[in-house]
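Its first residue numbered 230, the sequence shown is counted upward by one per residue in the working numbering.
Report on the following structure.
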Amino acid sequence: MSRIGYKVIEIPEGVTVTQKDEDITVKGPKGELTRHFNPKIKLVLEGNEAKFERESDNDKALHGTMRSNLNNMVLGVTEGFEKKLELRGVGYRAQVKGTTLTLSVGYSHPINMEAPKGIKIESPSNTEINISGISKQKVGQFAAEIRDVRPPEPYKGKGIRYVDEYVRRKEGKTGK
């Protein structure tokens, strides 16, 4: 049984956590995040520590989820989150102009994607994409949407993949 909900969250120097009804706001050096939390689980702030308490055992999963969400908010406003993607395939390219990502990945037309507010995209080379921001959910969602444009295929390995992703390769057809 997981006990993540009981772990205490250390709030670093320069970060403030405030609660107004069911909304919790975390302010830090990189920005501010607000999230609505379920009223069944209570937030207890003591000095530079935060923890959650639940009234019944029916809310165990919710307890751990809320603790992880607040911890990710604290990490986001202090360090931020980053996802790295790479393009593999002949002629596959990525370009960034402002907040627009243009992908050329084997279709008859380039794919243009607008970054959500609060997300920064960079392309250090034609085949690399770096996505960063303070919200773990937004960074991961936008990275998944980019990957869905051309997911890696198992025969040649072509497509858009996360840098640390392993793509299981399959053997092709064999002739007689």
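Note that CB positions come from ideal geometry on N, CA and C, so glycine has one too.
Here the structure is a predicted model, which means the values were calculated and not measured.
{"Query": "Assigned secondary structure, lysine 402 (DSSP; H/G/I helix, E/B strand, else coil)", "Result": "coil"}
{"Query": "DSSP state of lysine 249 mapped onto helix, strand, coil", "Result": "strand"}
{"Query": "Touch test, the region 285 to 303 against the region 239 to 246, Cβ-Cβ under 8 Å, three pairs minimum", "Result": "yes"}
{"Query": "Beta-carbon proximity list for phenylalanine 266, same chain, < 6 Å, skipping 5 on both sides", "Result": "Glu251, Ile253 and Met295"}
{"Query": "CA-to-CA distance, threonine 328 to methionine 230, given in whole angstroms", "Result": "Because methionine 230 sits at a pLDDT of 48, beneath the cut-off of 50, its placement in the model cannot be relied upon, and the following sentence gives the value as read from the coordinates. Roughly 43 Å separates the two Cα atoms."}
{"Query": "DSSP three-state assignment for alanine 279, whether helix, strand or coil", "Result": "strand"}
{"Query": "Identity of the residue in Gly276, Lys269 and Gly305 nearest alanine 290 by Cα", "Result": "Lys269"}
{"Query": "Backbone CA spacing between lysine 326 and valine 368 [nearest angstrom]", "Result": "18 Å"}
{"Query": "Which of helix, strand or coil DSSP assigns to methionine 230", "Result": "Residue placement at methionine 230 is flagged as unreliable, the pLDDT there being 48, under the threshold of 50; a coordinate-derived value is accordingly withheld."}
{"Query": "Bridge partners - tyrosine 391, DSSP secondary structure assignment", "Result": "Leu314"}
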